[in-house]
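So the structure is just underneath, and the comments pick up after that.
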Amino acid sequence: MSKHPLKIDSGVIVVEVTLTGKLKTIPLKMVIDTGASITTIPKEAALAIGCDPVKSKRSVEMITASTTEYSPVVIIPTLRFLNFELKDVEVICHTLPPQATVSGLLGLNVLKNFRNVLDFPAKFLEIIRPC
Amino acid sequence: MKSQKIETIRKRFPKEWLLIEVTETDKSTDTSSKGKLIAHDPQRDIIYKKMISVKSKRPLLVDYGQHRLRKDMAVIFTYVQTST
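Taken in order, these protein sequences are the chains called X and G.
Just so you know, my numbering puts 126 at position 126 of the first sequence, and the rest follows in order with no gaps.
Throughout, my numbering is defined as the position within the second sequence, counted from one, plus 131.
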């Protein structure tokens, strides 16, 4: 179990997510997004850790509020957040609009591995890995 | 450059993107707590390019100074569908 203060001053729930590949370890600020079916990271971060999106053999059709486009899928060797670690996590490489003050979206393909409690009145976020 | 608290660095550059070499992590929250500022710039692309080019054995945190949404801005979710 991992319990953390829930800060929503920014209008969204921001957590630090650490990506590790063969080249580097990059912690990024990402939004917990239960409306995203898959986790999204900037293509530059994928490249920096050694997961070149240009070499990706798979892409997904990404439907946003305003556009539809294809984005490459890469496998992140290790993804850590809030004291939990996942191996070989599939993410799409898509750089958010420049107005965004976070680098990515932590989507359901990661969140579905846990019990996620968002307690807004008590202002805490609890992540529990089921037995 | 000396290691500083991440919060101190963020307060110095509230409207800029930051690239920080992490020297200490808060194990209770699993978040970067101290680091050395490598680069800061209002333009995110410049920080992303630096993230690729800098060589470090330590984690390289990409952050923005102030995670506060502008009053005239809203964020909506993204939906992704796997291609066939």
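Using N, Cα and C, we set each Cβ at its ideal position, and we do this for glycine too.
Quiz item: For G/Val153, does the three-state DSSP call read helix, strand or coil?
Solution: strand
Quiz item: Does the distance from the CB of X/Cys93 to the CB of X/Ser71 come in under 8 Å?
Solution: yes
Self-check item: Where X/Ile128 falls, given that 16 or more other Cβ within 10 Å makes a residue buried
Solution: exposed
Quiz item: Between which two residues does the alpha helix (DSSP H) containing X/Leu47 stretch?
Solution: Lys43 to Ile49
Exercise. Specify whether the stretch 72-82 of chain X and the stretch 135-153 of chain G touch according to this definition: at least 3 beta carbon pairs, one from each stretch, less than 8 Å apart.
Key: no
Quiz item: In whole angstroms, what separates the C-alpha of G/Ile140 from that of X/Ser56?
Solution: 36 Å
Quiz prompt | Length of the line joining the Cα atoms of G/Thr215 and G/Tyr179 | solution = Per-residue confidence for G/Thr215 stands at a pLDDT of 45, beneath the threshold of 50, marking its modelled position as unreliable; no derived number is given.
Quiz item: Closer than 8 Å, CB to CB, is G/Thr192 near chain X or not?
Solution: Looking at the sequence shown, residue 192 of chain G is not Thr but Leu. Contacts with chain X at 8 Å (Cβ-Cβ) include G/Leu192.
Quiz item: What whole-angstrom Cβ distance do X/Leu47 and G/Ile177 have, given they're in contact under 8 Å?
Solution: Actually they are not in contact, since the Cβ atoms of X/Leu47 and G/Ile177 sit about 15 Å apart, beyond 8 Å.
Quiz item: Cβ of X/Ser56 less than 8 Å from any chain G Cβ?
Solution: no
Quiz item: Quick one: does X/Thr78 have its CB under 8 Å from some CB of chain G?
Solution: no
Quiz item: For X/Arg80, which residues does DSSP report across the bridge?
Solution: X/Thr18 and X/Glu85
Quiz prompt | Length of the line joining the Cα atoms of X/Asp119 and X/Lys112 | solution = 18 Å
Quiz prompt | Contacts of G/Ser163 in chain X (Cβ-Cβ under 7 Å) | solution = Glu16 and Pro27
Practice problem: Run the CB neighbour count on X/Phe81, radius 10 Å, all protein chains shown included, and call it buried at 16 or more, exposed below. | Solution: That one is buried.
Quiz item: Mind pulling the chain G residues with CB within less than 7 Å of X/Pro42?
Solution: Tyr179
Practice problem: May I ask you to list, following chain order, the residues of the stretch 132-165 of chain G that have a beta carbon less than 7 Å from some beta carbon of chain X? | Solution: Val153, Thr160, Asp161, Thr162 and Ser163
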